[in-house]
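One structure below.
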Amino acid sequence: MATRLPDSEFDHRLEAVREKIREQGADAGVWFGATSIEYLTGFDHIQTERPVALAVTDERIEITVPRLEVERVEPNPRIDAVHHYFDYPGGKPIQVAVEMLSGLGAETVVADSDGAPGVMGYDGPALSKFVDVESQSWVNRMRWAKTDAEIDLIRESAKWGNLAHQYLADYTEPGAHPATVSQRASMDASRAMLDTLGDEYVPRTRGSGPAHAGYITGSQTALPHGHTANRRIEEGDVLVTGAAANVDGYHSELERTMFVGEPTDEQEHYFEVMLESQTIAIDALGPGVSLSYVDQQVWNYFEEQGVTDLAQHHVGHNIGMGGHEPPYIDRGWDDHVDDGDAEMEPGHVYTIEPGLYTDTYGYRHSDTVAVTENGTEMLTYFPRDLESNVITW
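Residue 69 in full-length UniProt numbering sits at position 69 of the sequence shown; the count goes up by one each step and never skips.
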């Protein structure tokens with residue numbers, strides 16, 4: 001039962017970026033992205049208009065934060081010094097970060113961006129106004145392949161996501177409101193997760209629980225990113241579900257197409273075509289396999305079935321700390337990257353979610369699959385077949 005990353009993971013990550021800094025001949029590496037900062041140090045925060053800047057040198061790790069983050073970051077054992085400004089725009093976050101770099105003797109830096117990202121109205125100066133800056137995206141690339149420890153967390157996420165999904169199916173019936181069914185399933189799965197893990201669970205939420213399950217219903221399913229409709233569930237409804245859990249910042253993805261009562265012949269037909277397309281994709285995965293190839297195999301099948309006009313997105317994406325991460329299982333991936341990045345590698349973790357969307361309903365399963373040295377491992381495991389996804393009451 002894995003619930004948190006071991007310290008050795010951070011040691012390896014920091015040594016990797018320090019080696020890259022040395023190879024670049026720079027004095028320091030700088031990161032403004034919240035996920036990259038968490039990846040390197042374990043300090044998680046919400047990216048707002050208040051910039052956070054992490055600096056890494058051969059000997060030191062220092063960080064600039066707004067005043068309200070000081071007490072949260074100071075206990076972090078990997079960070080040697082914390083600098084802060086009061087707030088934005090009254091404070092001067094980039095100038096404080098530059099003072100931090102000056103104290104580290106860093107005149108040339110390699111940074112993930114030339115200053116903090118412009119989110120929530122932030123509009124500050126470029127870092128290059130004060131120091132020499134070269135760009136890098138090392139952490140983003142490092143996150144493509146997960147270690148065994150990271151996959152253990154995603155596997156744990158899948159376990160609790162599966163429980164939340166089972167509760168969702170159990171509580172679904174005509175007359176129930178999808179929003180309250182989702183809340184009930186999420187609450188009960190979160191309660192079970194927290195009771196089971198106890199102090200081993202690393203807090204990652206604010207108010208809501210760590211496990212979640214919900215769905216879109218009826219005509220909203222025809223929209224890949226539809227909303228939960230403000231109508232009660234009816235017999236004959238098509239549901240597209242989603243379930244996951246947050247385990248030390250890592251996520252999985254489980255989605256199913258379900259039917260409230262027996263499906264019509266047309267609904268069964270599109271379900272089976274969708275299911276076969278997902279099976280084709282899962283069977284095609286593996287180390288050394290071209291990502292474009294997998295998407296193309298599904299597209300070829302859709303062409304055979306005459307349903308390409310019902311497809312609206314590619315087969316899937318990598319997943320981990322982010323819900324969507326590269327690489328993407330997309331026919332255009334080969335043209336998007338260099339040859340060395342065009343193939344799947346051990347440690348990649350993908351959602352496999354080809355979908356079909358008619359004028360009335362949508363049909364999509366999603367499963368989380370890890371690429372291994374010898375093949376693949378299915379991390380999500382709620383049944384995929386039609387019979388298991390028909391809800392009776």
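Beta carbons are placed, not taken as given, at the ideal position from N, Cα and C, and that holds for glycine.
- It is roughly 42 Å from the alpha-carbon of Arg13 to the alpha-carbon of Thr308.
- With 16 or more other CB atoms across the displayed protein chains lying within 10 angstroms of its CB, Ala164 is buried.
- According to DSSP, residue pairing for Tyr350 in a beta bridge involves Asn318 and Val369.
- Ile46 sits exposed, since fewer than 16 C-beta atoms from the chains shown fall within 10 Å of its C-beta.
- In this structure Glu156 does not touch Ala53 by the C-beta definition: roughly 32 Å separates them, more than the 8 Å allowed.
- Annotated three-state conformation of Leu104 is coil, per DSSP.
- The DSSP-derived three-state label of Glu71 is helix.
- In chain order, Trp31, Phe43, Val52 and Leu54 place their CB closer than 7 Å to the CB of Ile37, counting only its own chain and leaving out the 5 sequence neighbours on each side.
- In the DSSP annotation of this structure, Met1 is not part of any beta strand (DSSP E), being labelled neither H nor E.
- Taken in chain order, the unbroken stretches of beta strand (DSSP E) that lie wholly in the stretch 248-329 and span 3 residues or more are 257-260, 316-318 and 325-329.
- Within its own chain, the residues whose Cβ lies closer than 7 Å to the Cβ of Val73, once the five positions on either side in sequence are excluded, are Phe43, Ile63, Val65, Ile79 and Val82, listed in chain order.
- Here the alpha carbon of Val119 sits roughly 13 Å from the alpha carbon of Ser113.
- In the three-state reduction of the DSSP assignment, Glu235 falls in the coil class, being assigned neither a helical nor a strand state.
- The residues Asp112, in chain order, have a CB closer than 6 Å to that of Gly33 in the same chain once the five nearest residues on each side in sequence are set aside.
- Distance between Thr351 and Gly103, taken at the CA atoms: about 44 Å.
- For Val52, the secondary structure class from DSSP, reduced to helix, strand or coil, is coil.
- CA-to-CA, the gap between Ala311 and Glu343 works out to about 24 Å.
- The C-beta distance from Ile233 to Thr172 rounds to 6 Å, short enough to meet the 8 Å contact threshold.
- The count of Cβ pairs closer than 8 Å, one atom from the stretch 276-285 and one from the stretch 361-372, reaches three, so the stretches are in contact.
- Contact between the stretch 141-160 and the stretch 247-263 is present: 3 or more CB-CB pairs across the two stretches fall below 8 Å.
- The alpha-carbon separation between Pro174 and Ala192 amounts to approximately 26 Å.
- Contact between Gly121 and Pro93 does not hold, since their C-beta atoms are separated by about 13 Å, which reaches or exceeds 8 Å.
- Following the DSSP letters along the chain, one finds His83 inside the beta strand (DSSP E) bounded by residues Ala81 to Tyr85.
- Note on geometry: alpha-carbon atoms of Gln136 and Val56 lie some 13 Å from one another.
- The three-state reading of DSSP puts Gly242 in strand, counting E and B together.
- By the neighbour-count definition (other C-beta atoms within 10 Å, threshold 16), Trp393 is an exposed residue.
- The shortest C-alpha to C-alpha distance from Val390 to any of Leu168, His84, Ala126 and Gly323 is the one to Leu168.
- Distance from the CA atom of Glu268 to the CA atom of Leu386, rounded to whole angstroms, is 8 Å.
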